[in-house]
Each structure stands twice: as structure tokens, then as C-alpha cells.
Amino acid sequence: MAGTSQQVKEWGRHFVPEQRDVGAALAALSEDDLLRLRAIARLRARSLPPGGMTWSDLLHEAVLRALAGARPWPAGVPLLAFLAGVMRSLCDEQWRRHRRQYDLPTSHDGGGADDPERACAAAEALAVIQRLFASDEAALKVINGLISGMAAEDIRLHYDMTAVEYDTTRRRIRRAMLRHGLTWSWP
Amino acid sequence: MTPMSYPQTRLTALLDALERELLAAQADEVRHAWRETGRARSIVCEEVRMLLNEAIAEGEGGSGARLPPNTCAGLDRLIGVSRELRPAARGHYAPAWSCRRH
Chain D
1 MAGTSQQVKE WGRHFVPEQR DVGAALAALS EDDLLRLRAI ARLRARSLPP
51 GGMTWSDLLH EAVLRALAGA RPWPAGVPLL AFLAGVMRSL CDEQWRRHRR
101 QYDLPTSHDG GGADDPERAC AAAEALAVIQ RLFASDEAAL KVINGLISGM
151 AAEDIRLHYD MTAVEYDTTR RRIRRAMLRH GLTWSWP
Chain U
188 MTPMSYPQTR LTALLDALER ELLAAQADEV RHAWRETGRA RSIVCEEVRM
238 LLNEAIAEGE GGSGARLPPN TCAGLDRLIG VSRELRPAAR GHYAPAWSCR
288 RH
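Chains as they are written, first to last, in our numbering: chain D, 1 to 187; chain U, 188 to 289.
Take a look at the structure:
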């Protein structure tokens, strides 16, 4: 995927108010950003414990935390990127709550690596996302590269993809993720 | 550092990367994807806006303010989703997380 500097440049296209007024910034979000936010919440909800929060609960709670200042909004970070980070933290928090709720042993690893239930849920979520791209061989290669933690250049070299192939594949992935983030259906 | 062989580590890597893609998506890509869904853009935007407004109202309501456990009951009415389809409505989780200042 794109390098860090490129991401910052791309995020910079979005509205970044000088004042850290979360409420005002939320009210100022464009329709495109609302759709993007929905897709991000639905994506991130894939890593929640089963039978718990929904994507809308996750987004609601993230906004509450941001408004309350429980998660300070760092200067220079676009609102959507900030809320995405809050949602990510909430997912980890939900797993900790889940373990406490069912009196399961506390995970000793921050990422819950020694949590069999979380591992199982993660494997299922990975399979669901891979199925989304089952008919797109190139997309599946990129997805598998990302799953393995590979950088963009590594993925291109590993799968012998040209820069153009890689970029068009990324574009298809983005559109598929947006499409599935905007509809109710997600396999 | 957690090894990449763990499913949750792999899922985190993928979600982080896909999230970056969504954040970086151009406006025309969002619109194109939107057209492909065939859904009414205004309804979905209103759905998200309503969700945000609920949270803003709750956030501004002080510590005593708290929405019902099904925080999106109004949202569901708007978009015609049965409560029975929602995990919370089935009582699958206690909303201990919800609406609390941390």
C-alpha cells in the first residue's frame, strides 16, 4: 500500500479544523466522508467479539469517547483517521470486556495472541474478507500480501505485479470495500 | 511483537491496511462505489448523520444522559431494520460499554 507520507498527503485532502472541536467537525463532515466513515465502522466491526456491538454501536461509542475527550484528538490528524483509531481501540477493549464477562483468563498479550476464541473469530473474519475477493485473483494476492504484513513493494515483487497492475488492483479493492461498507450485505 | 502467524495479528494487519485505503479513497471512487450499490445516497447519509447526532446529543447531555441499550432504535425505524435482526435486541450482550464516560 502507499507509503506513510503518501497517506498523510491523501488524508490531508479531508477537512482538518484548527480547533479541536469534535462536535463541530462531525457536523461539517461531507456526504462522502459520512459514507467513508460508515464503511470504516463496518470494516472495523469485523474484529469485534461475536454477538456484541454492531458497527453502529461501535461508531456511536467512538464519537462519544471523542466528544468526552476520553480520547484526545491530536492536532493535524483528520477526524476520520482519529475516529478510526478510536474504533480500533474500542475493538480491543471489547475483547477484554468479553473475557471478563465470561470469566475467561486474561490475555497476557496486548493483541490477544493467546486468546483461542479471538483467534477463531479473527480466522473467520479473514476468511470472509478473502471470500469478497475470491473472483479477483490479483486482489486476492494483494489481500494475502497485506495479511502477511507485506509492504506495497514487497507485494508487487512477490506476486510479480507491475506498478499499474498493483494500483488498479488497489483501486478495485477500495471500491469493493466501499461497496460492501455501504450496503447491508456482507457475506 | 506478535508473530504474523496469529490470525488476530493477520486480521489487524489487513484491517489497518484496508482502513488506510478507505481513508485515502478519492471522492469519485466513493461516488462510483456508491452508484454500484443502487441504494439511495441520501438515506444512508441521513442514517450516519442521525447516528452522529444521537451521539453528539448524548455527549452534550451530561453524565445523566443515556440512550436506551439499543442506541440505534430510531435509526432502525428510519431504515426499516427490525430490532430482531440486531444482536443487542436479542440480548446477546450487556451494554456495559455503552454511553459511559471513561
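Beta carbons are placed, not taken as given, at the ideal position from N, Cα and C, and that holds for glycine.
Just so it is clear, the structure is predicted and the values come from calculations on it, not from any experiment.
Strictly below 8 Å CB to CB, what residues from chain U border residue i?
i, result
"residue 148 of chain D", "191, 197 and 200"
"residue 153 of chain D", "Near residue 153 of chain D there are no residues of chain U at all, since even the closest Cβ is about 14 Å away, more than 8 Å."
"residue 171 of chain D", "216"
"residue 32 of chain D", "214, 217 and 218"
"residue 126 of chain D", "194, 197, 198 and 201"
"residue 39 of chain D", "209"
"residue 134 of chain D", "What residue 134 of chain D touches in chain U: nothing, since even the nearest Cβ is about 15 Å away."
Residue i lies in the alpha helix (DSSP H); which residues open and close that run?
i, result
"residue 62 of chain D", "55-68"
"residue 84 of chain D", "79-101"
"residue 48 of chain D", "Run containing residue 48 of chain D: none; DSSP gives neither H nor E here."
"residue 203 of chain U", "194-211"
"residue 33 of chain D", "31-44"
"residue 145 of chain D", "137-147"
"residue 26 of chain D", "22-27"
My output table needs one value for residue i: the three-state DSSP class, helix, strand or coil.
i, result
"residue 224 of chain U", "helix"
"residue 229 of chain U", "helix"
"residue 260 of chain U", "Low confidence applies to residue 260 of chain U: its pLDDT is 40, below 50, so where it sits in the model is not reliable enough to give any reading."
"residue 159 of chain D", "coil"
"residue 122 of chain D", "helix"
"residue 167 of chain D", "helix"
"residue 181 of chain D", "helix"
"residue 104 of chain D", "coil"
"residue 215 of chain U", "helix"
"residue 237 of chain U", "helix"
"residue 115 of chain D", "coil"
"residue 175 of chain D", "helix"
"residue 71 of chain D", "coil"
"residue 246 of chain U", "helix"
"residue 151 of chain D", "coil"
"residue 134 of chain D", "coil"
"residue 191 of chain U", "coil"
List the residues of chain D whose Cβ lies closer than 7 Å to the Cβ of residue i, in chain order.
i, result
"residue 230 of chain U", "Per Cβ cutoff of 7 Å: no residues; residue 230 of chain U is ~11 Å from chain D at best."
Listing by chain order, which chain B residues have their CB less than 7 Å from the CB of residue i?
i, result
"residue 212 of chain U", "Of the protein chains in the structure, D and U, none is chain B."
Can you list the residues of chain U that residue i reaches, using a CB-CB cut of under 9 Å?
i, result
"residue 44 of chain D", "202 and 206"
"residue 80 of chain D", "209 and 210"
"residue 47 of chain D", "195, 198, 199 and 202"
"residue 163 of chain D", "Here the premise fails: no neighbours, minimum Cβ distance about 17 Å."
So with CB distances below 7 Å, who are the chain U contacts of residue i?
i, result
"residue 123 of chain D", "194"
"residue 26 of chain D", "239 and 243"
"residue 119 of chain D", "193, 194 and 195"
"residue 138 of chain D", "The premise fails here: residue 138 of chain D is roughly 15 Å from chain U at the closest Cβ pair, so nothing lies under 7 Å."
Tell me whether residue i, by its Cβ, gets closer than 7 Å to a heavy atom of the ligand GDP.
i, result
"residue 233 of chain U", "What this structure holds is no ligand at all, so the ligand GDP is not there to describe."
Report the residues of the segment 51-77 of chain D with a CB closer than 8 Å to any CB of chain U, ordered along the chain. 51, 52, 53, 54, 56, 57, 59, 60, 61, 63, 64, 65, 67, 68 and 70
Listed in chain order, which residues of the segment 237-250 of chain U have Cβ atoms closer than 9 Å to some Cβ of chain D? 238, 239, 240, 241, 242, 243, 245, 246 and 247
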